[in-house]
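Chemist: Going by this note's numbering, the first residue of the sequence shown is number 53, and it counts up by one from there. The structure is given below, and queries will be raised subsequently.
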Amino acid sequence: MTELEQIAAVHGVATSYYDVGGRLHRPSPRTLQAILEGLGVDPSGPASAAPTLPLLVDPGEVPVLGGLRAGAPYTVELETGEVVHGRAVGSAGGGRLSGPLPMGLHRLTADTVERFVLVAPPRCLSPRELGVSRAFGVSSQLYGLSSDRRSAIGDFGDLAAAACASAAAGADLFGLSPMHALFMADPAAISPYSPSHRRFLNPLYIAVPEAAARLGLALDDVALPPTAATALLDYPRVAEAKRVALESLWERFRQGPGAAAFDRFRIEGGEGLERHCRFEALHEAVLRDDRSRWAFWLWPAAWQDPTSTAVEAFAKEHRDRVGFFAFLQWLAAMQLADAQAEARHAGMRLGLYGDLAVGVNAAGSMAWSTPGLTLRQLSIGAPPDPLGPDGQKWGLAPFAPTALAKHGFRPLLDDLEANARYGGAVRIDHVLGFARQFWIPEGAPASEGTYVDFPFEVLARLCALVSHRQRCVVIGEDLGTVPEGFRDRLAAAGMLSCRVLWFERDGDRFREPHDYPEAALASVSTHDLPTVQGFWQARDIDWRADLGASGDGARADGKAQRERDKTELMAAIRAAGIDDEDVSVALHRFLARSAAAFVLVQLEDLAGMIEQPNLPGTTDEHPNWRRRLAVPIETILESPNASAILAAMRAERPPRPGGAEQE
53 MTELEQIAAV HGVATSYYDV GGRLHRPSPR TLQAILEGLG VDPSGPASAA PTLPLLVDPG
113 EVPVLGGLRA GAPYTVELET GEVVHGRAVG SAGGGRLSGP LPMGLHRLTA DTVERFVLVA
173 PPRCLSPREL GVSRAFGVSS QLYGLSSDRR SAIGDFGDLA AAACASAAAG ADLFGLSPMH
233 ALFMADPAAI SPYSPSHRRF LNPLYIAVPE AAARLGLALD DVALPPTAAT ALLDYPRVAE
293 AKRVALESLW ERFRQGPGAA AFDRFRIEGG EGLERHCRFE ALHEAVLRDD RSRWAFWLWP
353 AAWQDPTSTA VEAFAKEHRD RVGFFAFLQW LAAMQLADAQ AEARHAGMRL GLYGDLAVGV
413 NAAGSMAWST PGLTLRQLSI GAPPDPLGPD GQKWGLAPFA PTALAKHGFR PLLDDLEANA
473 RYGGAVRIDH VLGFARQFWI PEGAPASEGT YVDFPFEVLA RLCALVSHRQ RCVVIGEDLG
533 TVPEGFRDRL AAAGMLSCRV LWFERDGDRF REPHDYPEAA LASVSTHDLP TVQGFWQARD
593 IDWRADLGAS GDGARADGKA QRERDKTELM AAIRAAGIDD EDVSVALHRF LARSAAAFVL
653 VQLEDLAGMI EQPNLPGTTD EHPNWRRRLA VPIETILESP NASAILAAMR AERPPRPGGA
713 EQE
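Here it is in structure tokens:
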């Protein structure tokens, strides 16, 4: 092992790894050098210490800290802002505090030690602890929802309607892709998995008529966006119409009384909300003059620092515009909370099931608001696997482990809490990143990346804290190259695994329903994979061949393998005693018989759609994140195809009387 490799290994950077196919990869010295520099390590300089992680403490347990001497005075700043003073008591392994601390993330300071203390249960709440078992749900893309309301883009009003209609059909949860804030100044940036900020919401989802009614404003006074819907969303057109409508709402609102609730929202949002709104206003101002200065590091130098006097002066001069963006976050938060309340009132035992993206856009609000927290010279991605034979580069800035540790991982806790606040479950996208993340240097192909270790135990405890505070289930999306033993660690932390039918195999054979674990959310497919009809017609294989991602030989080989897969699937279905003639009904009944705590049915499959929402590895070549449902969800759920699938789900997973905790 070279000296560079030794330094890399000390700092948790993998000097070799095996991909999902068992092939050994060794990153180049250039890759190791770039990643170490991103971590703040100078390979040619003196050795640097690893960041100190929070002390993990079970609720009711008295913390013991090494290096804290007996009798030493200490101060604990609780996350509430309250300050606790005490003197350490001598104990094996270090000084023991005089008593337990409440659940939360706190900061301890003494003369010889300074450390964050995370008091949290060791496990997330299980579905059974929340009164739910063997339930099923429906999943969809919010932008693509269509309801009898006839909005131009799926919005929170459509979400409430869809959740209530699904509840009437027996569903206990409604799953969604991330609803994070994107870029109001550039509506062409549409991927929900490349957010500007994970803690805030996408204002395009605000339902204008409902917002006007909530504020007591007459619709005659509001410029409503057009209701004409198209098969593929034209985001710039829709965003412009909605911006005009929301601005007219803001003008009416700010001229009238009743702003107390909004003022409280801004105060409670604190510095994080204020900086996000300033970013939106600055981004808008910059792009109005020069579209090429999209990334904040191309802005005027004085505006690149959120703490600068120039930014403060801009915020004062444009206080109305900054207030407008805060107003949008307020409306979005209220409407999402209303949608969850309506889902629960309609009978869902959990309600909405949100999604936390694995990272953020390097040029977005979160990166600008918290300098040093993200590493824009690196990208998160994935090594070669069946979805991306050459690897994947997601264009998401990784979080700097040293900066996270400096803040006690508070930014991640805040993101988790913000995304768990409005539902009964939260999904962690690419939860494999809790243990290790695949980083790729700027300018390098995905094949030249390598893994960087992350503190799984700390991140899992943060999830447990949020799970108990918000009374929600935590689901980890663990698809891809899964390290040995990772799923055992996930289960020990009380997080559910994701099991996708297309991937659940032993060799060539598909696993039987009883082989699925209880601590899992199972689905036939996902937004990144073909729908049932798309799988059966090999639409995904045709797409990749047509786009040049594979040649005609690969198309023929892929289709031949797909026919073998279909034969094996039907054999597994018949072996399970399932005789439904419709393949979609049969596949969903097959999954519904599993022990998995939850089974999700994609709305695209209920609608019988062939095309999938997203084709990984593409941007403009495939209409990712743009497809709308052709008919309202109310009509879809009453169709013969959907009725048969939902009847199978109810038959295999009958509703449990009593249900979950009531709010």
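Using N, Cα and C, we set each Cβ at its ideal position, and we do this for glycine too. Remember, predicted model here, so these are calculated numbers, not experimental data.
Are three or more beta carbon pairs between the stretch 201-220 and the stretch 389-396 nearer than 8 Å?
Modeler: Counting Cβ pairs under 8 Å, three or more are found: they touch.
Chemist: Within 8 Å, do at least three Cβ pairs link the stretch 411-431 to the stretch 443-452?
Modeler: Flag = yes, the stretch 443-452 and the stretch 411-431 touch.
Chemist: Would you tell me roughly how many angstroms separate the C-alpha atoms of residue 81 and residue 576, rounded to the nearest one?
Modeler: Straight-line Cα distance between these residues: approximately 41 Å.
Chemist: Does residue 188 come out as helix, strand or coil in the three-state DSSP assignment?
Modeler: It is a strand residue.
Chemist: In terms of residue numbering, what span does the alpha helix (DSSP H) encompassing residue 432 cover?
Modeler: First-last for residue 432: 430-434, but that is the beta strand (DSSP E), not the alpha helix (DSSP H).
Chemist: By the three-class DSSP mapping on this structure, what secondary structure does residue 693 have?
Modeler: Note: residue 693 maps to helix in three-state DSSP.
Chemist: Near residue 464, what residues of its chain come up, given a Cβ to Cβ distance below 8 Å and the 5 sequence neighbours on each side ignored?
Modeler: The residues are 451, 456, 511, 514.
Chemist: Hey, how far is the Cα of residue 673 from the Cα of residue 664?
Modeler: Using only the alpha carbons, I get a separation of about 14 Å.
Chemist: If you run the structure through DSSP and keep just helix, strand and coil, what is residue 509?
Modeler: Note: residue 509 maps to helix in three-state DSSP.
Chemist: Whole angstroms is fine: what's the gap from residue 175's alpha carbon to residue 541's?
Modeler: Rounded to whole angstroms, residue 175 to residue 541 spans 11 Å at the Cα level.
Chemist: Rounded to the nearest angstrom, how far is the Cβ of residue 383 from that of residue 258, given a contact under 8 Å?
Modeler: Going by Cβ atoms, the distance from residue 383 to residue 258 rounds to 5 Å, so yes, they are a contact pair.
Chemist: Taking residue 418 as the reference, give the member of 479, 252, 368 with the closest Cα.
Modeler: Nearest option by C-alpha distance: 252.
Chemist: Between residue 266 and residue 386, how many whole angstroms is the CB-CB distance? I'm expecting something under 8 Å.
Modeler: Between residue 386 and residue 266 the Cβ distance is about 7 Å, and since that is below 8 Å, they are a contact.
Chemist: With DSSP collapsed to three states, give me the class of residue 382.
Modeler: Looking at residue 382 - three-state DSSP - the assignment turns out to be helix.
Chemist: Compare the C-beta of residue 305 against all C-beta atoms of chain B and say whether one is closer than 8 Å.
Modeler: Absent here is chain B; the protein component of the structure consists of one chain.
Chemist: Since residue 516 and residue 79 should fall inside the 8 Å C-beta cutoff, what is the C-beta to C-beta distance between them, to a whole number of angstroms?
Modeler: Incorrect: roughly 33 Å between the Cβ atoms, too far for contact.
Chemist: Shortest alpha-carbon distance to residue 111 belongs to which of 600, 347, 153?
Modeler: Comparing Cα positions, the closest option is 153.
Chemist: My assumption, with CB atoms under 8 Å, is that residue 528 sits in contact with residue 483. Please give the rounded CB distance.
Modeler: That pair is a contact at about 3 Å.
Chemist: Buried or exposed for residue 53, please, with buried defined as at least 16 other CB atoms from any protein chain shown within 10 angstroms of its CB.
Modeler: So residue 53 counts as exposed.
Chemist: Under a three-way DSSP split, which group does residue 558 fall into?
Modeler: Correct three-state label for residue 558: strand.
Chemist: Rounding to the nearest angstrom, what Cα-Cα distance links residue 677 and residue 115 in this structure?
Modeler: For residue 677 and residue 115, the distance between alpha carbons rounds to 47 Å.
Chemist: Is the beta carbon of residue 122 less than 8 Å from the beta carbon of residue 144?
Modeler: Cβ distance not < 8 Å, so residue 122 and residue 144 don't count as in contact.
Chemist: Pairing CB atoms from the stretch 191-205 with CB atoms from the stretch 367-376, are three or more of them under 8 Å?
Modeler: The stretch 191-205, when compared against the stretch 367-376, does not touch it at the 8 Å Cβ threshold.
Chemist: Who are the near neighbours of residue 75 in its chain, counting only those whose CB is closer than 6 Å to its CB and skipping five residues on each side?
Modeler: So no residue of the chain qualifies.
Chemist: Would you report the Cα separation of residue 360 and residue 354, rounded to the nearest angstrom?
Modeler: Cα-Cα distance, rounded: 7 Å.
Chemist: If you drop the 5 nearest sequence neighbours on each side, which residues of the same chain put their C-beta closer than 8 Å to that of residue 310?
Modeler: The residues are 267, 268.
Chemist: Just checking, does the stretch 498-510 make contact with the stretch 60-74 on the three C-beta pairs under 8 Å criterion?
Modeler: Enough Cβ pairs lie closer than 8 Å, so yes.
Chemist: Leaving out the 5 sequence neighbours to the left and right, which residues in its chain are closer than 7 Å to residue 620 when beta-carbon positions are compared?
Modeler: Closer than 7 Å at the Cβ level, and outside the excluded window around residue 620, lie 560, 561, 562.
Chemist: Hey, which unbroken runs of the beta strand (DSSP E) at 3 residues or more fall wholly within the stretch 624-672?
Modeler: Segments of the beta strand (DSSP E) lying fully in the stretch 624-672: 650-654.
Chemist: If contact is defined by three or more beta carbon pairs under 8 Å, each pair taking one atom from either stretch, is the stretch 574-588 in contact with the stretch 624-644?
Modeler: Cβ pair count under 8 Å is three or more, so yes.
Chemist: Is the Cβ-Cβ distance between residue 569 and residue 549 less than 8 Å?
Modeler: Result yes, Cβ atoms of residue 569 and residue 549 sit closer than 8 Å.
Chemist: Residues in its own chain within less than 7 Å of residue 661 by CB, not counting five upstream and five downstream?
Modeler: 583, 585.
Chemist: Please report how far the alpha carbon of residue 469 lies from the alpha carbon of residue 522, in whole angstroms.
Modeler: Cα-Cα distance, rounded: 8 Å.
Chemist: Whole angstroms is fine: what's the gap from residue 648's alpha carbon to residue 552's?
Modeler: Roughly 11 Å between the two C-alpha positions.
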